[in-house]
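Notes follow once the structure below has been shown.
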Amino acid sequence: MDYFKQRRAFRQLLTEELNLSLGQICLYRELLDYANDEGKMQEQFRLRNSVLASRTGLSEEGVKNARNRLVQEGLIKYTPGKKNTVNPGYQLVRLYKEYPNRQLNSTPDCTPTVLQTVPQLTPQPAPQNSLLVPDYDLTKDKRRNSRKREYADDAPEMVEARYLWGKIKANNPEAHKAPNIQHWADDIRKMHDLDGRSFDKIHRMIDWSQADTFWGPNILSAKKLREKYLQMAAQANAEHRSRAKPRGYQEPNNPGAASLPY
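Going by the numbering used here, the residue at position 156 of the sequence shown is 253; the numbering climbs one at a time, nothing skipped.
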């Protein structure tokens, strides 16, 4: 496997198709660099979570989450380790397609002298469709098939999606038609991965929005929950601050210093 082709294909996928967080990108590049340095571009190699955490700036939990996303996207293969005995195993998945080298007619170093009347043979240009194609074009079909995400029943995204649907049904007894819960789980993922909201905050926002007399009838999907999250969070956090404070409580100088629940 060629390091530079692999890196170029990954960079092109980021531009065209993948939507990874900075931490996930850092983890993949660290794995790619390590495999290249150790001569294991096509072999499995083992690394401790603590080593990857120190090299990427992620927490060990962040390393696990980023690793799971890379596996889900089909970028790496992962083998769990055994505590204190065997480190986790990683293997890169080739992101570009390799073609055999073309056999071209070689030109001898010395060309024999010929008469001017003898026509010189002109190499025929290769057909346009056989010219070198950028690596990213060779990966599109493969990546298109892997873009559809599937969430397991115990995945946190699926857990919160089902929780939201349960709350909506409780508020709207006539809501019998079940949604595409996989799509809802993907919207939950976007709130977590792209918007930077913890699953705990998402869970609390589901509770708050469905209990609110205005938002309850209006938040009827995970997509709508994401769209209105900032607006609802401002209202919910304002209500949280306005509650009665214990005697002697002093508001912090920096309002952002207090941990907000939503």
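All C-beta atoms in this analysis are idealised placements derived from N, C-alpha and C, irrespective of residue type, glycine included. Since this is a predicted model, take the numbers as computed values, not measurements.
What would DSSP say about residue i, mapped onto helix, strand or coil?
i	result
Gln279	helix
Gln188	strand
Arg145	coil
Lys179	strand
His273	coil
Gly154	coil
Tyr93	Only positions 98 to 359 of the chain appear in the structure, and residue 93 is not among them; the question remains open.
Leu167	helix
Arg340	coil
Gln139	coil
Phe107	helix
Phe101	helix
Asp309	coil
Can you find the residues in the same chain that come closer than 7 Å, C-beta to C-beta, to residue i, ignoring five residues on each side of it along the sequence?
i	result
His273	none
Tyr248	Glu254, Met255, Gln279, Ala282
Gln139	Met98
Phe296	Pro253, Glu257, His289
Gly159	Gly120
Ala319	Ala258, Leu261, Trp281, Asp284, Ile285
Are residue i and residue j closer than 8 Å when you measure CB to CB?
i	j	result
Leu128	Tyr187	yes
Leu317	Asn334	no
Tyr359	Ile303	no
Tyr330	Leu192	Note on residue identity: the sequence assigns Ala, not Tyr, to residue 330. No.
Val190	Gly178	no
Asn146	Lys161	yes
Lys287	Arg246	no
Leu117	Tyr131	no
Among the residues of its own chain, which have a CB less than 6 Å from the CB of residue i, if the five just before and after it don't count?
i	result
Gln141	Gly186, Gln188
Lys266	Ala272
Thr112	none
Gly313	Asn268, Gln307
Leu291	none
Thr153	Cys123, Leu124, Glu127
Asn133	Tyr100
Trp305	Ala333
Arg294	Met288
Which residues mark the beginning and the end of the beta strand (DSSP E) in which residue i is found?
i	result
Tyr175	173-176
Quick one: give me the first and last residue of the alpha helix (DSSP H) that residue i is part of.
i	result
Leu322	319-324
Leu357	Unbroken run through Leu357: none, as it is neither H nor E.
Asp130	119-134
Asn315	No alpha helix (DSSP H) holds Asn315; DSSP gives it neither H nor E.
Glu114	Element bounds for Glu114: n/a, residue is neither H nor E.
Asp251	Run containing Asp251: none; DSSP gives neither H nor E here.
Arg294	That residue, Arg294, is in no alpha helix (DSSP H); it is neither H nor E in DSSP.
Using C-beta distances below 8 Å, list every residue in its chain close to residue i, excluding the 5 sequence neighbours before and after it, in chain order.
i	result
Arg340	none
Gln103	Leu129, Met138, Leu189, Arg191, Leu192, Tyr193
Ser243	Any reading at Ser243 needs caution, since the residue's pLDDT is 48, under 50, leaving its predicted position unreliable; the model's value is listed next. Correct list, in chain order: Glu170, Gly171.
Glu135	Phe142
Ile173	Tyr125, Leu128, Arg164, Leu167, Tyr187, Gln188, Leu189, Val190
Ala337	The sequence shown places His at residue 337, rather than the Ala named in the question. The answer, listed in chain order, is Leu357, Pro358, Tyr359.
His300	Glu257, Tyr260
Asn315	Lys321, Lys325
Is residue i near the ligand MN, in the sense that its beta carbon is under 7 Å from a heavy atom of that ligand?
i	result
Leu124	Looking for the ligand MN in the displayed structure turns up nothing, as the structure carries no ligands at all.
Our contact map puts residue i next to residue j with C-beta atoms below 8 Å; I'd like the distance itself, whole angstroms only.
i	j	result
Leu167	Tyr125	6 Å
Gln307	Lys264	4 Å
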